[in-house]
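Listed in order, the protein sequences are those of chains U and H. The number in our numbering is simply the position in the first sequence, starting from 1, with 12 added. The number in our numbering is simply the position in the second sequence, starting from 1, with 12 added. Built from N, CA and C at the ideal position, the CB exists for glycine as well. Notes follow once the structure below has been shown.
Protein chains: 2
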Amino acid sequence: MTHVHVAAEKNTKNAVVVRKPFVIEGFRVNAVSCNMRYSGRLDLALIATERFLKVPVAAVFTQNLFAAAPVEVSRRHLKSSGGMGCAVLINSGIANACTGDRGIKLAEETCRKVAKAISVSSESVLVASTGVIGPHIKVKAVEGVLPELVNGLAPDKWDSVAKAIMTTDTVPKSAYAEMMVGGETVKVGGVAKGSGMIAPNMATMLAFLCTNVHVNQKILQEMLAKAVDESFNRITVDGDTSTNDTVMMFAAGPDGVAKILTGREPEAEVIYELICNVCQDLACQIVEDGEGATKFVEITVTGAASKEDAKRIAKCIAESPLVKTAFYGGDANWGRIVAAAGRAGVRFDPKKVSLYFDDLCVFKDGVPVLLPDVEKRASEVFGKDRIFVKLVLREGIGEATVWTCDLSHGYVDINASYRT
Amino acid sequence: MTHVHVAAEKNTKNAVVVRKPFVIEGFRVNAVSCNMRYSGRLDLALIATERFLKVPVAAVFTQNLFAAAPVEVSRRHLKSSGGMGCAVLINSGIANACTGDRGIKLAEETCRKVAKAISVSSESVLVASTGVIGPHIKVKAVEGVLPELVNGLAPDKWDSVAKAIMTTDTVPKSAYAEMMVGGETVKVGGVAKGSGMIAPNMATMLAFLCTNVHVNQKILQEMLAKAVDESFNRITVDGDTSTNDTVMMFAAGPDGVAKILTGREPEAEVIYELICNVCQDLACQIVEDGEGATKFVEITVTGAASKEDAKRIAKCIAESPLVKTAFYGGDANWGRIVAAAGRAGVRFDPKKVSLYFDDLCVFKDGVPVLLPDVEKRASEVFGKDRIFVKLVLREGIGEATVWTCDLSHGYVDINASYRT
Numbered sequence: 013m014t015h016v017h018v019a020a021e022k023n024t025k026n027a028v029v030v031r032k033p034f035v036i037e038g039f040r041v042n043a044v045s046c047n048m049r050y051s052g053r054l055d056l057a058l059i060a061t062e063r064f065l066k067v068p069v070a071a072v073f074t075q076n077l078f079a080a081a082p083v084e085v086s087r088r089h090l091k092s093s094g095g096m097g098c099a100v101l102i103n104s105g106i107a108n109a110c111t112g113d114r115g116i117k118l119a120e121e122t123c124r125k126v127a128k129a130i131s132v133s134s135e136s137v138l139v140a141s142t143g144v145i146g147p148h149i150k151v152k153a154v155e156g157v158l159p160e161l162v163n164g165l166a167p168d169k170w171d172s173v174a175k176a177i178m179t180t181d182t183v184p185k186s187a188y189a190e191m192m193v194g195g196e197t198v199k200v201g202g203v204a205k206g207s208g209m210i211a212p213n214m215a216t217m218l219a220f221l222c223t224n225v226h227v228n229q230k231i232l233q234e235m236l237a238k239a240v241d242e243s244f245n246r247i248t249v250d251g252d253t254s255t256n257d258t259v260m261m262f263a264a265g266p267d268g269v270a271k272i273l274t275g276r277e278p279e280a281e282v283i284y285e286l287i288c289n290v291c292q293d294l295a296c297q298i299v300e301d302g303e304g305a306t307k308f309v310e311i312t313v314t315g316a317a318s319k320e321d322a323k324r325i326a327k328c329i330a331e332s333p334l335v336k337t338a339f340y341g342g343d344a345n346w347g348r349i350v351a352a353a354g355r356a357g358v359r360f361d362p363k364k365v366s367l368y369f370d371d372l373c374v375f376k377d378g379v380p381v382l383l384p385d386v387e388k389r390a391s392e393v394f395g396k397d398r399i400f401v402k403l404v405l406r407e408g409i410g411e412a413t414v415w416t417c418d419l420s421h422g423y424v425d426i427n428a429s430y431r432t
Numbered sequence: 013m014t015h016v017h018v019a020a021e022k023n024t025k026n027a028v029v030v031r032k033p034f035v036i037e038g039f040r041v042n043a044v045s046c047n048m049r050y051s052g053r054l055d056l057a058l059i060a061t062e063r064f065l066k067v068p069v070a071a072v073f074t075q076n077l078f079a080a081a082p083v084e085v086s087r088r089h090l091k092s093s094g095g096m097g098c099a100v101l102i103n104s105g106i107a108n109a110c111t112g113d114r115g116i117k118l119a120e121e122t123c124r125k126v127a128k129a130i131s132v133s134s135e136s137v138l139v140a141s142t143g144v145i146g147p148h149i150k151v152k153a154v155e156g157v158l159p160e161l162v163n164g165l166a167p168d169k170w171d172s173v174a175k176a177i178m179t180t181d182t183v184p185k186s187a188y189a190e191m192m193v194g195g196e197t198v199k200v201g202g203v204a205k206g207s208g209m210i211a212p213n214m215a216t217m218l219a220f221l222c223t224n225v226h227v228n229q230k231i232l233q234e235m236l237a238k239a240v241d242e243s244f245n246r247i248t249v250d251g252d253t254s255t256n257d258t259v260m261m262f263a264a265g266p267d268g269v270a271k272i273l274t275g276r277e278p279e280a281e282v283i284y285e286l287i288c289n290v291c292q293d294l295a296c297q298i299v300e301d302g303e304g305a306t307k308f309v310e311i312t313v314t315g316a317a318s319k320e321d322a323k324r325i326a327k328c329i330a331e332s333p334l335v336k337t338a339f340y341g342g343d344a345n346w347g348r349i350v351a352a353a354g355r356a357g358v359r360f361d362p363k364k365v366s367l368y369f370d371d372l373c374v375f376k377d378g379v380p381v382l383l384p385d386v387e388k389r390a391s392e393v394f395g396k397d398r399i400f401v402k403l404v405l406r407e408g409i410g411e412a413t414v415w416t417c418d419l420s421h422g423y424v425d426i427n428a429s430y431r432t
């Protein structure tokens, strides 16, 4: 296995995440073009279990009050099926959000069409959409290509799925990790889409993961929720999500390679680590592909009184448009970074604060470091396309890392004319 | 008096705010060039009372933990003088922020130099700075021009003061309102600077106001704090301020045209209204001159369960970069606006929500209005350089208005290279 990428978080241990083609036994996938809004490109994907067996499904959805119809319908289906499902249909181009009762009806109808095509109950089919808010999903467009979509299901088409769910994304995003446990290879793989990184909470973010391990649904839900908090929520504000955000994970059925039934099995830690690392890698890919992004920035706050404090400060820095434009301009403007920390709503002593760019200390104990070459070396760091910022508080042991990107002309271009 | 501009808030009543030259009896002002950082332009201003008498001074400062040295020093002076003062010195170019104990010492020294030049006690001199974070204020530069600054004090040089305090501002900002009360003309006038409107909380915002009315210091402080909450805080996040933000107001001494000693005098309401309207007008000028701004946007939320709810939703919309780029692109993307409302952290029923652009209803009871010409008419509204957005909730009678601008290429240009 080639070491393509190691997720930045400290707990990576041995699970190496790669961005290469993968197969997860027990699952088949496919993507086709249904001309929902884009023409001549993949825009409809199906992830399904082998023989359309019902398996445990976990999901984390948007907290937005205007949750889209597909989110409502998937929530209802998971509730009525007790968290069991056998397929998820994903379309790009139209979000089916703010579409009222009719939007819900159409999302339900879409599920029924898929259920009929693969001979399962409607509740075991889930649905996700991403694209423009307002228009309804085109059920006829979906219906027309369903035979092609179902007949073409295969274990090795995750790359097509990753492409089909893209909107303003410039590259498809997938990640995979595996580990040997008790003579068996346990696997986690997934795809994601996401953009709008200036304030990631507003971007629609979708991610779909599968594992060949049989995990009890409740345990799977716990693991996914925790992993999302350590990954996608590190590029987003808690509870501040778009209309369609969805992270969904399918586990293997009882014929999976291992069994996690209580969460206390020795394999449980391994499988959680794989899920967390795959989620972090997908989250970082979303940042790297942020709308108009030219730089990837990792912001770590250490020495805070609590983990929550650290996270709050790191996010306040990461979301500051003034800080983000400074990254874009390659301007090592530490003043904007400490000013953002100072208004995060967290109490700390400004006289104990230090700031590092990579390993260069630019601000120590509340005042700038005035050594002759600091400004020059700081500019060198900011000239790179990956920037590591570390703020040290000396208040306690709270620590958090968030990932963000710069704010560029490209962002303005993309978002000033997204609908046209 | 020409009606140049009427502040947008409903409570404008009869006090018309103008953006014309003014004089406030009891005060003299001046501005000179001291080459603090910029050369060949006004960058140092002094606002002083007639005969350097001590008068009541009210002030609202930044809540940022990294409050700049001039903020610390002005806070101390107002505390030790019981809120009485006779002059404020303002420089642009260097913020004297994050400058540690030495920064404080230099700000104190600056006050002492001014105090000596006008023969008053150091505590009755206040100071404010705006510009780059990091460098110390240059006391020698100030000292060199002090005689010129003091000798040139005159009642009619407010326009020079407005120019001297600018940083990335493209136009000087001043506002004035007067009203006849009991046969006397009561006056409020002021100047302001501010920019960085994408997330205004991070911009340094300075404003200085004077009135010819004698107002008890405690009442003055109450009135100013309330007016700031209804104006500058409507373009900023509560408590989220830059290192140097300062709004300061001088009242006349006992020889003023009216006396507000208890706040229950009939004139009290008039003087508060004047202060509030001048502050709102200055706040709107700051938005209109937002960095790179091409459009002025007023966002009103009505029918919320409370005023606080309304404010929170209005700000969440106003601060959304996706919404702001849509304003820039002239894209009447109502989906981004309702999505921002839905993640504001306020509970409401999305099925009772309606949205208006000017008086055009684009979204009614939770779904888009699909009449044939709505899209075209909405685009016309978004094509204008002043856009009025109104979100109606039907949850109660809470109402709030905030002002913002669009997010443009100009913003990115300005902020990617501010220090260079």
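For H/Asn163, there is no enclosing beta strand (DSSP E); the enclosing alpha helix (DSSP H) covers residues 151-163. The Cβ of H/Gly354 sits closer than 8 Å to at least one Cβ of chain U. In its chain, beyond the 5 residues on either side, Phe308 have a beta carbon closer than 6 Å to the beta carbon of H/Arg398. U/Phe78 and H/Lys363 have their alpha carbons spaced roughly 9 Å apart. DSSP, read as helix, strand or coil, puts H/Val144 in strand. Contacts between H/Pro362 and chain U, judged by CB atoms closer than 7 Å, involve Leu77, Phe78 in chain order. For H/Met235, the enclosing alpha helix (DSSP H) has its first and last residue at 229-241. Here the alpha carbons of H/Ile149 and H/Pro380 stand approximately 55 Å from one another.
Annotated as proximal: U/Val374 and U/Ala390, with beta-carbon spacing under 8 Å. By the criterion of at least three beta-carbon pairs nearer than 8 Å, the segment 292-312 of chain H is in contact with the segment 412-420 of chain H. Counting the other CB atoms within 10 Å of its CB gives U/Glu120 a total of 16 or more, which places it among the buried residues. Per DSSP, H/Phe73 is one residue of the beta strand (DSSP E) stretching across 67-73. Around the beta carbon of H/Ile426, 16 or more other beta carbons lie within 10 angstroms, which makes this residue buried. Collapsing the DSSP output to three states places H/Tyr188 in a strand. DSSP, reduced to helix, strand and coil, places U/Pro266 outside both helices and strands of the structure shown, so it counts as coil.
Taking C-alpha positions only, H/Leu221 is separated from H/Met235 by approximately 12 Å. Taken through DSSP and simplified to helix, strand or coil, U/Phe39 comes out as strand. DSSP places H/Val401 within a strand segment (E or B) once states are collapsed to three. By the beta-carbon neighbour count (other beta carbons within 10 angstroms, threshold 16), H/Asp267 is exposed.
For H/Val203, DSSP records a beta bridge to H/Ser186, H/Phe220.
The beta carbons of U/Phe73 and U/Arg88 sit no closer together than 8 Å.
From the beta-carbon of U/Gly395, no residue of chain H is found nearer than 8 Å; the closest lies around 13 Å away. Using beta-carbon distances, U/Gly143 does not count as an interface residue toward chain H, since no partner is under 8 Å.
In this structure U/Lys185 touches U/Lys205 by the C-beta definition: roughly 7 Å separates them, less than 8 Å. The beta carbon of H/Val401 lies closer than 8 Å to those of Val309, Glu310, Ile311, Thr312, Ile329, Ile349, Leu367, Tyr368, Phe369 in the same chain, with the five residues before and after it left out. Contact check for U/Lys169 and U/Ala264: beta-carbon distance about 18 Å, past the 8 Å limit, so the pair fails to qualify. Residue-level contact by beta carbon holds for U/Ser420 and chain H, with a gap shorter than 8 Å. Selection H/Val335, H/Met48, H/Trp415, H/Asn256 evaluated against H/Ala153 yields H/Met48 as nearest (Cα-Cα). According to the DSSP assignment, U/Ala107 belongs to no beta strand (DSSP E), since it is labelled neither H nor E. A Cβ-Cβ distance of about 7 Å is found for the pair H/Lys125 and H/Val151, placing them in contact under the 8 Å criterion. The beta carbon of H/Glu196 sits closer than 7 Å to the beta carbons of Val269, Ala270 from its chain, once the five residues preceding and following it are set aside; these are given in chain order. Per DSSP, the unbroken alpha helix (DSSP H) holding H/Glu279 starts and ends at 278-300. Comparing alpha carbon positions, the residue from U/Ser136, U/Val85, U/Val132, U/Val144 closest to U/Leu118 is U/Val85.
Not a single CB atom of chain U sits nearer than 8 Å to the CB of H/Gly105. For U/Ala27, the secondary structure class from DSSP, reduced to helix, strand or coil, is coil. Judged by DSSP in its simplified three-state form, U/Thr312 adopts strand.
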